[in-house]
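Line order of the protein sequences matches chains A and B. Just so you know, our numbering puts 448 at position 414 of the first sequence, and the rest follows in order with no gaps. Just so you know, our numbering puts 365 at position 331 of the second sequence, and the rest follows in order with no gaps. All C-beta atoms in this analysis are idealised placements derived from N, C-alpha and C, irrespective of residue type, glycine included.
Protein chains: 2
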Amino acid sequence: MSGYNELMCFVRQTEALSQAAGRLGWDQQTVMPRGANAQRSEEMAALEEVLHARRTDPRLGEWLEVAQAPDEAAAANLRELRRDYARHAKVPARLAAELARLTPLAQSAWEDARAAGDVAAFVPWLSQMIALRREEGQAIADGGDPYDALMADYEPETDSATVAAIFDSMRPRLVALRESILGADTPPALTGQFPQAEQMRLSRKLAEQFGYDFTRGRIDLAVHPFSSGSGDDVRITTRVDERDPFNCLYSTLHEVGHGAYEQGVDAAHLLTPIGRGASMGVHESQSRIYENQLGRSASYCYWLFGAMTSEFGALAIADAEAFYAAVNRVTKGYIRTEADEVQYNLHIMLRFDLERALIRGDLSPNALEEAWNARFQEDFGYPVDKPANGVLQDVHWAVGLFGYFPTYALGNLYAGCLHKAMRVALPDLDAQLRAGDLAPATGWLHENLQRFGALRSPRDTIANACGFAPDADPLMVYLEEKFSALYRL
Amino acid sequence: MSGYNELMCFVRQTEALSQAAGRLGWDQQTVMPRGANAQRSEEMAALEEVLHARRTDPRLGEWLEVAQAPDEAAAANLRELRRDYARHAKVPARLAAELARLTPLAQSAWEDARAAGDVAAFVPWLSQMIALRREEGQAIADGGDPYDALMADYEPETDSATVAAIFDSMRPRLVALRESILGADTPPALTGQFPQAEQMRLSRKLAEQFGYDFTRGRIDLAVHPFSSGSGDDVRITTRVDERDPFNCLYSTLHEVGHGAYEQGVDAAHLLTPIGRGASMGVHESQSRIYENQLGRSASYCYWLFGAMTSEFGALAIADAEAFYAAVNRVTKGYIRTEADEVQYNLHIMLRFDLERALIRGDLSPNALEEAWNARFQEDFGYPVDKPANGVLQDVHWAVGLFGYFPTYALGNLYAGCLHKAMRVALPDLDAQLRAGDLAPATGWLHENLQRFGALRSPRDTIANACGFAPDADPLMVYLEEKFSALYRL
């Protein structure tokens, strides 16, 4: 067996074990009996220890040193494996163990602090977490920027200076747009009672319409919707609020974007490192374009208005145009996960600037709440009312996820680019969306992006699909045009 | 760390991984998308390889050589681990690999042969399987009986000569009872239409009534009902035939017996080798006593008649007495899994004698069908009509499960012993069952058997609970009395 094949035989087993762990994660969040929590932690820890041992196995280092790539896919797999191995090799076992020990404690402290509205009680835990993650970033970065090193776990081959420059260029335009919108009249929301069974039936219909393959997936309920798995076992979840059907339907479309991406990767890459999405940012580009540029478009809303009328009977809203406005309502709010297309990115930029400063040591955890509240007032135009609606709203920092937030906004930015290119390639897109025919749009994404998995870097994945290098302008133009028209600005 | 603790730290992780594998098995048979089959095989194989490597890890041998047991539970764990390690160490890797390769092929050949009614097409595969399993049995047995060695995988510390003597003593009594019953009038069956939702609701009610803990378990549908998992995550399944509610309800009670056993083992034994049922036979004793001695008793049927009337409305049957007779109907049939309490054991004895002869080389696979049909005519009184109702009906031999069948009848025998002892301990049992109060009966089983897990050998587990050594007489007396009364023999 050649060196590459021997290596990949080992790697394929690791990927299979990783999929098995993912399945247990799905199980835990959907069907697991609640009394099984402690036992499941032990089962997951045992599996994670097996995975960690395989990912840091010295044989991997030996194989990777000499392996030759027979083709482009192999070269990409070696690139992924070498980055991952080097990353793990640089982190001392002592540090990894300290992080593993701290994470559940810090998460639990965050939950208590959030419930009590007591930021000061969380600060010591946050300080410990920042210190450990900074040390980890420094170890990986080899003298480079520790925040960049952490970000690369989620968005490889992307540096935070570039991201900062992009975000800085978007921010004033987003703030101006947000101000104009909130100064205009807010359209009415859709009200009514929408039974769970009908919401779920419509969700399944939408998922199929957007190309999700139920023979290789399933949809369930979860408190926080997520998708999991790769290849032929990709599962999505959604949630139901019987007074707000858009919560369920757009959670579904969001997760369908993630799921269809994983289902769409070429079967040849199954259970190899490139057999999944290229990065968190590219993944988010798929969930966002399904949910927003396609799902919240005027043309698709026209179709959805009819579909919802069929499912639920006459809606308490004037017509398809009012329905479209209700889907795209922009209102004041504090919570990132509930934010609309315009304000969402401002939430991310706030977190990106603050967490970058925290990791670099430019901001003390003691000063974080004040910095958060000041920035929120500046960008959103009204003050934070309580910590649970401010600095304590997200779990990310409590569990050490520094460098993750920017991938959400990068996903939006990438979705903007893909949408621009898709509009050029599909001149009849609006007519197709009005007819509920999503096949051309999702087919274009599959053909130009999804099937390649992680064959290319995130940036190159987007550039290859679009025919131009990703930047923020398409997203900004899209948002300005869409919301100017909607709000008659 | 002492030697024993170091060993158990490793073993506990192995047990946790084994539980994780069990969860994937549950997933595969209940919720997995059908397109995920091939990928799941690869995931399971990777996990099984990890488990195999751990179970044959040379460090285990070193630890086991020197480990001292600090207490009774530790001694039992060492006993289980030493037996398991010695067993694995004796089987050459080449033979294990050949068995792993042959199993799916032989199973697939069996499926085709069964569908086509073509025994001859299956014989070559069966011959290969027998040869490999015989070789494995010989390797484990070290000059002893290869069939005994195989049986010990499912029922340790039990030899087939003893089992043969027990079965031989039961067989004429069972044949005589079967003949008398089939010569008498058959009571009417329960007919009607019983919707799935109501069957499942009643199933949940029965499961709770029999002490199954839904905070540490769940019930789902499966083609072939099974239970899985240990400790705090023990899941059961059932099936629904809308024309035969007893199929669902008694499948549920059967699996509740298995599930309650696993849930009932002392938490101190969680994720250790003794933290589960003592053997397949002892496990089956729990499923059978829940299903039969308790669930199919006249007293419980009195309660169930009322409960089913509440759930489904008036039943098309005269009264509780007729209902009890319908639950316990004995009719001619070919299929083991559909057999009643009387005929079931005859099915097992037939298979036990034949498979023991096959492994020992006393019966050629070419002569198997003829031997099966002759024995069936002898014990059941009518001829086999087709191979799918005869020698090709069970998957067990196709996948190499030789030595497994006798555990079903041992389970019945053990259940007979436990029932006898329980009746002495609980003089008011019938009044309790008539009131639908199962707590005294299941509490007695928990207190005297379930909580100990595999602390003792299967035989000692039963003897400890009953206060006498297990033998066939209690079961035979129970069956003769019950069915003589029912059929007025």
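At least one beta carbon of chain B lies nearer than 8 Å to the beta carbon of Thr-249(A).
Under the rule that a run must span 4 or more residues, the alpha helix (DSSP H) segments found entirely inside the region 218-244 of chain A read 230-243. For Asp-278(B), there is no enclosing alpha helix (DSSP H), as DSSP gives it neither H nor E.
Shown here, Asp-146(A) sits in a helix according to DSSP, grouped into three states.
Distance from the CA of Ala-405(B) to the CA of Gln-162(B), rounded to the nearest whole angstrom, comes to 19 Å.
For Ile-351(A), there is no enclosing alpha helix (DSSP H), as DSSP gives it neither H nor E. Here the C-alpha atom of Leu-483(A) lies approximately 31 Å from the C-alpha atom of Ala-360(A). The C-alpha of Asn-326(A) is placed about 10 Å away from the C-alpha of Asp-374(A). Put simply, the backbone Cα of Ser-491(A) is about 34 Å away from that of Ser-518(A). Against Met-66(B), the close residues of chain A are Asp-267, in the order they occur along the chain (beta-carbon pairs closer than 8 Å).
For Ile-308(A), the secondary structure class from DSSP, reduced to helix, strand or coil, is coil.
Under DSSP, Asp-254(B) shares a beta bridge with Thr-271(B). Straight-line measurement puts the Cα of Val-153(B) at about 10 Å from the Cα of Asp-146(B). Looking at the backbone, the Cα of Ala-497(A) and that of Ala-312(A) are separated by about 13 Å.
When DSSP states are grouped into helix, strand and coil, Ser-518(A) belongs to the helix group. Chain order gives the chain B residues near Val-84(A) as Leu-51 and Val-84, where near means a beta carbon separation below 8 Å. Around Ala-360(B), no beta-carbon contact reaches into chain A at under 8 Å, the shortest distance being about 34 Å. Each of His-258(A), Gly-263(A), Gly-265(A) and Val-268(A) was checked against the Cα of Val-274(A), and the nearest Cα belongs to His-258(A). Check the Cα spacing between Asp-254(A) and each of Leu-384(A), Thr-286(A) and Tyr-324(A): the tightest is with Thr-286(A). For Thr-495(B), the enclosing alpha helix (DSSP H) starts and ends at 492-500. Chain B places no beta carbon closer than 8 Å to that of Asp-182(A), leaving this residue out of the contacts. In the three-state reduction of the DSSP assignment, Ser-203(B) falls in the helix class, which pools H, G and I.
Here the alpha carbon of Leu-435(A) sits roughly 18 Å from the alpha carbon of Val-316(A). Its chain contains Ala-107 as the residues whose beta carbon lies nearer than 8 Å to that of Ala-302(A), once the 5 sequence neighbours on both sides are disregarded; these appear in chain order. Contacts with chain A at 8 Å (Cβ-Cβ) do not include Gln-243(B). With at least 16 other beta carbons inside 10 angstroms of its own, Gln-233(A) counts as buried.
Residues of the region 91-121 of chain A with a C-beta less than 8 Å from any C-beta of chain B: none at all. The beta carbons of Leu-380(B) and Phe-414(B) sit closer together than 8 Å. Shown here, Ser-52(B) sits in a helix according to DSSP, grouped into three states.
A distance below 8 Å between beta-carbons, with the five flanking residues on each side excluded, links Glu-189(A) to the following residues of its chain, in chain order: Ser-313, Met-314, Gly-315, Gly-437, Pro-440, Thr-441, Leu-444 and Pro-492.
Along the region 98-164 of chain B, the alpha helix (DSSP H) occurs as fully enclosed runs of 4 or more residues at 106-124 and 127-150, listed in sequence order.
Relative to the Cα of Arg-468(B), the nearest Cα in the group Arg-330(B), Arg-409(B), Pro-417(B) and Leu-392(B) belongs to Arg-330(B).
Shown here for His-288(B): same chain residues with a beta carbon closer than 6 Å to its own, the five before and five after excluded, namely Ser-321 and Glu-325 in chain order. Rounded to whole angstroms, the separation of the alpha carbons of Asn-423(A) and Tyr-334(A) is 32 Å.
If you look at Tyr-181(B), you'll find it in the alpha helix (DSSP H) that goes 180-185. In terms of beta-carbon proximity, Arg-522(A) stays away from the interface with chain B, with every pair separated by 8 Å or more.
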